[in-house]
Amino acid sequence: MKLKKLGAKTYIIDSQNKVGIYLINEIDVVIIDTGLGESSGKEIMEICNSQNWQIKMVLNTHSHPDHIGGNHIIQKTLNVKIYAPKTEIVFIENPELTNNISYGGNPHKYLNSPYLVPKASVASKLTKEILPEGLEYFDLPGHNSQMVGFKTSDDIYFLADAVAGEDIITKYELQFTYDIQKQLKTLDYIKSLHGKLFVPSHGDDFTNNKHIVKLNYDNTINIINNIKKICSNKATFETILKHIFEIYNLKMDFIQYSLIGVTIKGYLTYMLNNDMLKVEFTENEQFWITL
Ligand SMILES: [Zn+2]
């Protein structure tokens, strides 16, 4: 059984993309994120049925495909409201936009899988007022533009993709990040939290938030140092990406090119804005150079 009880009112459906469940009372539940693909939405409804739980609302931490995949089928079947931060709503209602940003233009046919572009659902703005008693939200920008996390009355924090569990971070040092400046602030915020348990969407739950933040922070600094080394001989974006794939032992394909590409662009922006790099245009090529 994938259903796992974490606290009196807090459960997860344990998988690669964890789904949170919060009991408002003995019958009514809130779902936090809906996983990847329509099958995830069906599984969430089946599990809730087996427990005689009724889904009262869905909360999305952010709009990435592996967090909103079950939205459409749950909303169509149960007619429930979905709540998300304001900017994330735009992407939940127009899921192709995430793909457009990743590709940086009009995505080609190899980037049009239903997993990358889930079906659209209708979302409303997440506010304090709509949340049931015992549930709070907090901002976690960086991984995506306006991501949020949730805290339950069991003193359990759902951290979405702000940090991954230790098993994931040590295996995949390069985590998808959109805005490095905001992500560093979010890491500081997570370090300051006092909670009973922390639940990332990917990887193992943890209690020692300071340790997990340090691992994430160290990985970020390593990536910055690697980019500095690569750009000590001036380098184009493609050259930087090639070296990053080699250093982190990644295999390039259409999806990885897009996702790692967005992350490296995030690093280049952070480093340019903070005077670690400069840009030069030579013979119609853009070069990044370490300062
Ligand atoms: Zn994400």
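Heads up, the sequence shown is in the working numbering, so the first residue is 6 and it goes up one at a time. In this text, a Cβ means the ideal position worked out from N, Cα and C, and glycines have one as well.
For the 8 Å CB-CB criterion, Asn149 and His199 do not form a contact. By the C-beta density criterion, Asn54 is exposed, having fewer than 16 other C-beta atoms within 10 angstroms. Leaving aside the five residues that flank Gly139 on each side, the residues in its chain whose CB is nearer than 8 Å to its CB run, in chain order, Lys14, Tyr27, Ile29, Thr157, Ser158.
In terms of side-chain proximity, the C-beta atom of Asn104 is found no nearer than 7 Å to any non-hydrogen atom of ligand 1.
Rounded to the nearest whole angstrom, the C-alpha separation of Ile235 and Ser107 is 23 Å. For Lys156, the enclosing beta strand (DSSP E) stretches over residues 153-157. In the structure shown, Pro205 falls within a strand segment according to DSSP collapsed to helix, strand and coil. If only complete runs of 4 or more residues are kept, the stretch 206-241 shows the alpha helix (DSSP H) at 214-235, in order along the chain. Distances from the CA of Pro100 to each of His207, Ile195, Glu141, Val127 were compared; the closest alpha carbon is that of Val127. Uninterrupted alpha helix (DSSP H) stretches at least 4 residues long and entirely within the stretch 85-139 occur at 91-98, 101-108, given in chain order.
Ranked by Cα distance from Ser118, the options Leu41, Glu285, Phe203, Met281 are led by Leu41. Counting along the chain, Asp193 sits inside the alpha helix (DSSP H) bounded by residues 185-197. Taken atom to atom, the span from the alpha-carbon of Gln80 to that of Lys176 is near 35 Å. DSSP, read as helix, strand or coil, puts Ile29 in coil. With distances taken between CA atoms, Ala165 lies nearest to Leu192 out of Asn238, Leu192, Asp223.
Taking C-beta atoms as the reference points, Ile174 and Lys239 fail to come closer than 8 Å.
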